[in-house]
Amino acid sequence: MVADFIRRGDQAQAAAFLARFAGAYSPDLDPLRDLQRVGMAAQTTMYSSEFIKVSQTIRNAIVERYGPDADAHFQELDTICSATQERQDAVDDLARRSDVVIVVGGYNSSNTTNLAKVARQYTAAYHIQGPGHLTRHVIRHQPYGTKTEITTTDWLPDKPSLIIGLTSGASTPDSVLEEVLHEIRNLGS
């Protein structure tokens, strides 16, 4: 909807735009004025491919509307942390090789949540806060896209040779990760 408005927004569409995004913008937003020039900056822990897709969509809309003057109306700032991108790429690889992935870190951490999102594309992924959240039969976790911790039973696949991937958000202390690793090692006991 934002890209469509940039391409051909008029006064009638501005009212619809404001109604659609009510409560999600600054009180003095005027889309006819304020979307003539757009700057794109990502949260440093955002998944790079998502940022590129959104940024390209907005850029294409600007080019369509302003043609050769598009550069005066659009700026993209590369604010994504390369270490975060490397960690997300590593989780992508880990999840492809695992039967289940445990992602350890705070539920409010964008970085950790994105790691869980990446992992769940390929296998079961459980975002836990730390030690004490899992046993062989029960895991307390926050499913991706929710804000509520839930308890899942019989979460481990019933396989003779099980590969459990383990990763953590950038701000998760190594000691917390080590405690969870110890718990995972004891799951077979």
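Residue numbers are given in the numbering used here: position 114 of the sequence shown equals residue 200, and the series is strictly consecutive. Ideal Cβ placement from N, Cα and C applies to all residues, glycine included.
Can you tell me the Cβ-Cβ gap for ILE92 and ALA147, rounded? I've got them flagged as a contact below 8 Å. Contact holds; Cβ gap of about 4 Å.
Taking the runs of the beta strand (DSSP E) that are 3 residues or longer, which of them lie wholly in the region 145 to 218? Listed in chain order, the beta strand (DSSP E) runs fully inside the region 145 to 218 are 160 to 163, 186 to 190, 210 to 214, counting runs of at least 3 residues.
Whole angstroms are fine: how far does the CA of VAL190 sit from the CA of THR253? One C-alpha to the other measures close to 6 Å.
Distance between VAL224 and PRO243 (C-alpha atoms, nearest Å): Straight across, the Cα-Cα distance linking PRO243 with VAL224 is about 12 Å.
Give me whichever residues DSSP pairs with HIS268 in a beta bridge. Note: HIS268 sits in no beta bridge, so no partner.
Sequence-distant residues of its chain with Cβ nearer than 6 Å to LEU273 (five each side left out): Shown here for LEU273: same chain residues with a beta carbon closer than 6 Å to its own, the five before and five after excluded, namely ARG222 in chain order.
Please report the Cβ distance between GLU265 and PRO217, rounded to the nearest whole angstrom; I am assuming they are in contact, meaning their Cβ atoms lie under 8 Å. The beta-carbon distance between GLU265 and PRO217, rounded to whole angstroms, is 4 Å. This is short enough to meet the 8 Å contact definition.
Report yes or no: do the region 176 to 189 and the region 203 to 211 share at least 3 C-beta pairs separated by less than 8 Å? Between the region 176 to 189 and the region 203 to 211 there are three or more C-beta pairs closer than 8 Å, enough to call the two in contact.
Could you say which of SER247, GLU235, SER196 lies nearest to THR258 if we only look at CA atoms? The residue with the shortest Cα to Cα distance from THR258 is SER196.
Assigned secondary structure, SER254 (DSSP; H/G/I helix, E/B strand, else coil): Note: SER254 maps to strand in three-state DSSP.
Smallest Cα separation from ARG183: which of PRO229, GLY231, SER247? Of the candidates PRO229, GLY231, SER247, the residue whose Cα lies closest to the Cα of ARG183 is SER247.
TRP241 to GLY192, Cα distance in whole Å? Straight-line Cα distance between these residues: approximately 20 Å.
Classify ARG271 as buried or exposed, calling it buried when 16 or more other Cβ atoms lie within 10 Å of its own Cβ. So ARG271 ends up on the exposed side.
I'd like the list of long-range same chain contacts for ASP90, defined as Cβ closer than 6 Å, with 5 residues on each side in sequence excluded. Within the same chain, ASP90 has no close Cβ partners at all.
Buried or exposed: where does ILE236 fall if 16 or more other Cβ atoms within 10 Å of its Cβ makes it buried? By the C-beta density criterion, ILE236 is exposed, having fewer than 16 other C-beta atoms within 10 angstroms.
Distance between THR239 and LEU163 (C-alpha atoms, nearest Å): Each residue's CA atom was taken as its position, placing LEU163 and THR239 some 44 Å apart.
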